[in-house]
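Note that the numbering used here gives residue 113 to position 113 of the sequence shown, counting from 1, and the numbers run on in steps of one.
We put the beta carbon where it would ideally sit given N, CA and C, even for glycine.
Fair warning: this is a prediction, and the values are worked out from it, not measured in the lab.
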Amino acid sequence: MRPYRSSVTVILAALILAGAFYALDGGYLVRQGIGYFHTVILARDFDTLRAQEDLDKPTEHLLERVEEIRRFAHEELGLRKTENFTRYSEVNRDYLVTVVSVVRDDRMQRGTWNYPVVGELFYRGYYNSSQAQRVAARLEAQNYDVLIREVDAFSSLGYFPDPVYSFMSDYSDYRLANLIIHEEMHSTLWLEGQNAFNEEIATFVGDEGAAEFVRQKHGVESPEYQSIAKGSADRKTYRRLMTELHEKLSAAYQRLETRAERLEAKERIFEEFQDRIAANYDTLFRTDRYRGITNLPPDNARVDASYKYGGDLSLYYELYEEVDRDLSEVIDMLRNSGARPDAPRDALRSLLEEDSSVGDT
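Written as structure tokens, this is what we have:
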């Protein structure tokens, strides 16, 4: 259950609709609401911060970069303009919250929690990491695989302006742009009850939007953009491999009848996966970033996290290619597609069919 860092954002919007929900989960909402209050509600707007005579250069540069990225996200990509990332919050660590997500150890069945306003989500967020560890230990004892992540941002879905945090001053342009564009995509399009779909869209737009921002700012031949190109190729390979692993595990779990059989198959499938990656790593990947997957523990939660946060983005990339890699057009099409909450991917397929039929005329 050792934590690992993640740039994936977390939706904690309703946690701060405070005291009325004190009885829910023994006061969980109120306890997290206190952390939210200190980091979000008390954040200072950029103009107030700039009025300080002793404002340090890294923070000043962070504010400038954030404003540049916001302009790009709203004016170039057409994302909905919000007040997000117009305020600054000082945090005395290099992440914001600790998040717990769980999946049954012998099935690809996610544990979920219900919240007011936003409904069902597949994670629990904690400002106090020791609380997360206690919850994780309890769930692991109930036959769950548990994943603990340290995440660097979350979205309030417009209930409050989401701030920039002090630890982000060290972020590269790509990482900062990815985070901001990811969040603004959530604010532009969010389907209730379709958490995986929402994350897929935001992941796709965050990745491609941030790459385009760096390309325009630094140029195609710049070290910054070339590094992104290598990382993007590896990220797509990693997602493809984890999707294949997820599908193979799911099929085995559905086929086998007993818990003992499923756990045995799980161990075997993970071992085969690790051996294959280890033998072919240099052929599959261009960087060393993913060498750690050859030592993955047999953990459904980790595989499922990779899957639900953008495991298969092929439909989005098909649409992207159909419109000559015009990301603003993809975003506009998605926003106006009339995607149904019960079947959001059907809207994507319809968009692809419509675009293909136009091209054939």
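What number of angstroms, rounded off, separates the C-alpha of residue i from the C-alpha of residue j?
i: Pro-161; j: Arg-80; result: 13 Å
i: Glu-67; j: Gly-125; result: 28 Å
i: Gln-142; j: Asp-299; result: 15 Å
i: Val-103; j: Asp-234; result: 26 Å
i: Trp-113; j: Tyr-123; result: 7 Å
i: Lys-57; j: Arg-65; result: 12 Å
i: Lys-266; j: Gly-111; result: 19 Å
i: Glu-192; j: Ala-279; result: 42 Å
i: Leu-249; j: Arg-291; result: 21 Å
i: Ile-378; j: Leu-284; result: Outside the displayed span of the chain (1 to 361) sits residue 378, for which this structure offers no information.
i: Ile-228; j: Leu-176; result: 13 Å
i: Ala-132; j: Asp-324; result: 44 Å
i: Thr-48; j: Val-146; result: 42 Å
i: Tyr-22; j: Val-91; result: Low per-residue confidence applies at Tyr-22: pLDDT is 41, beneath 50, and the placement is therefore not dependable enough to give any value.
i: Glu-199; j: Gln-274; result: 27 Å
i: Met-108; j: Glu-271; result: 18 Å
i: Gln-194; j: Ala-301; result: 19 Å
i: Glu-329; j: Glu-140; result: 44 Å
i: Arg-240; j: Arg-71; result: 32 Å
i: Asp-215; j: Arg-149; result: The sequence given here has Arg at residue 215, not Asp. Going from the Cα of Arg-215 to the Cα of Arg-149 covers about 30 Å.
i: Arg-138; j: Asp-106; result: 17 Å
i: Ser-130; j: Lys-236; result: 34 Å
i: Pro-163; j: Glu-257; result: 49 Å
i: Tyr-238; j: Asn-128; result: 31 Å
i: Arg-268; j: Tyr-144; result: 19 Å
i: Arg-289; j: Leu-121; result: 29 Å
i: Ala-43; j: Asn-336; result: 34 Å
i: Ala-251; j: Glu-322; result: 32 Å
i: Tyr-253; j: Glu-353; result: 34 Å
i: Tyr-317; j: Glu-76; result: 19 Å
i: Gln-226; j: Arg-255; result: 44 Å
i: Phe-46; j: Ile-69; result: 15 Å
If I follow the unbroken alpha helix (DSSP H) through residue i, where does it start and stop?
i: Thr-237; result: 223-255
i: Ser-101; result: Where Ser-101 is concerned, there is no enclosing alpha helix (DSSP H), although the beta strand (DSSP E) it sits in stretches over 97-104.
i: Ser-314; result: 314-322
i: Met-333; result: 327-335
i: Tyr-174; result: 173-188
i: Asn-84; result: No alpha helix (DSSP H) contains Asn-84, which DSSP labels as neither H nor E.
i: His-218; result: 195-218
i: His-61; result: 57-71
i: Glu-264; result: 259-284
i: Phe-160; result: No alpha helix (DSSP H) holds Phe-160; DSSP gives it neither H nor E.
i: Ser-306; result: 300-308
i: Glu-140; result: 129-140
i: Leu-49; result: 46-50
Beta carbon of residue i, beta carbon of residue j: below 8 Å?
i: Leu-62; j: Ser-169; result: yes
i: Leu-319; j: Leu-351; result: yes
i: Ser-89; j: Tyr-174; result: no
i: Gly-78; j: Ile-293; result: no
i: Leu-313; j: Leu-348; result: no
i: Leu-334; j: Ile-201; result: yes
i: Thr-59; j: Leu-96; result: no
i: Val-99; j: Val-135; result: no
i: Ala-73; j: Glu-184; result: yes
i: Asp-94; j: Phe-167; result: yes
Between which two residues does the beta strand (DSSP E) containing residue i stretch?
i: Leu-147; result: 144-151
i: Gly-125; result: 124-126
i: Arg-87; result: 87-89
Can you tell me the Cβ-Cβ gap for residue i and residue j, rounded? I've got them flagged as a contact below 8 Å.
i: Thr-287; j: Gly-231; result: 7 Å
i: Phe-197; j: Arg-345; result: 7 Å
Counting Cβ pairs closer than 8 Å, one from the segment 84-101 and one from the segment 162-181, do we hit at least three? yes
Three or more C-beta pairs under 8 Å: does that hold for the segment 301-312 against the segment 245-261? yes
Say whether the segment 203-216 touches the segment 249-268, bearing in mind that this needs 3 or more beta-carbon pairs closer than 8 Å, one atom from each stretch. no
Is there contact here, the segment 219-231 with the segment 187-203, by at least three beta-carbon pairs under 8 Å? no
Report yes or no: do the segment 144-153 and the segment 47-56 share at least 3 C-beta pairs separated by less than 8 Å? no
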